[in-house]
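Okay, structure first, notes after.
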Amino acid sequence: MICTSAEAAKLLKELTEEMNDLLRMESMSCSYVAAVGEDLEAVRPVYDFAGTQARLDLLEAKTRRIKHAINQFNASHLVPGFDMTIDQILVYIPQLSRRKDKLSGMKNTLPKARVNNRGTGTIIEYKYANYDLDTVTAEYDRVADELRRAQLGLDAVNSTETFELDID
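Per the numbering used here, residue 205 is the first one in the sequence shown, and the count goes up by one each step.
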């Protein structure tokens, strides 16, 4: 089957939900409680150990094949506008996010701010920004734009580029 990364991710989600449902049902039916003297067969829930394990094995194998195909695709396909593969962009985006958050704090700092020193006497202290606020703001804007471009580039690849997925 030919699919995009977005479609493969949806398949993975469906498999995970099916596996979780199966495990939940197994948990509720693999053992049961009966009162003394109660007819065990009348209260025994339906449970097929071998069938459940076979279905879990099949779902896990499909999950492995899908994740492997996604990993191969991510390691071999470049994101347009970047000299990086998808797996590199998946590392780059969190790096940019952390840098953007740090720069946001720096650009929203006053050049000079009074420090509240409770109980330290009558000396008034100030905290000074040790950088040029305009330079930090410009770098914040550049990083925010780069992050936006990387996210949009990744979104485009994930929703348009296809690869072969063998899950049968």
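Beta carbons are placed, not taken as given, at the ideal position from N, Cα and C, and that holds for glycine.
Values in this document were obtained by computation on a predicted structure and should not be read as measured data.
Going by DSSP, what residues sit across from residue i in a beta bridge?
i, result
"residue 319", "329"
"residue 206", "368"
Between the Cα of residue i and those of the options, spot the shortest distance and give me the residue it belongs to.
i, options, result
"residue 268", "254, 216, 342, 362", "216"
"residue 347", "219, 252, 306", "306"
"residue 316", "262, 205, 308, 329", "329"
"residue 225", "241, 260, 245", "260"
"residue 372", "355, 264, 308, 240", "264"
"residue 257", "299, 272, 229, 274", "229"
"residue 311", "301, 244, 335, 272", "335"
Going by the beta-carbon positions, is the gap between residue i and residue j smaller than 8 Å?
i, j, result
"residue 270", "residue 358", "no"
"residue 361", "residue 295", "no"
"residue 319", "residue 304", "no"
"residue 289", "residue 301", "no"
Would you grab the beta carbon distance between residue i and residue j for me? Rounded to a whole angstrom, and I think it's under 8 Å.
i, j, result
"residue 367", "residue 286", "About 19 Å; that fails the 8 Å criterion."
"residue 369", "residue 205", "5 Å"
"residue 274", "residue 209", "6 Å"
Given the structure, does residue i come close to the ligand HEM, in the sense that its CB is under 7 Å from one of the ligand's heavy atoms?
i, result
"residue 278", "As far as ligands go, the structure on display features none, and thus does not contain the ligand HEM."
* Take every Cβ of the stretch 248-262, pair it with every Cβ of the stretch 217-236, and state whether three or more of those distances are shorter than 8 Å. => yes
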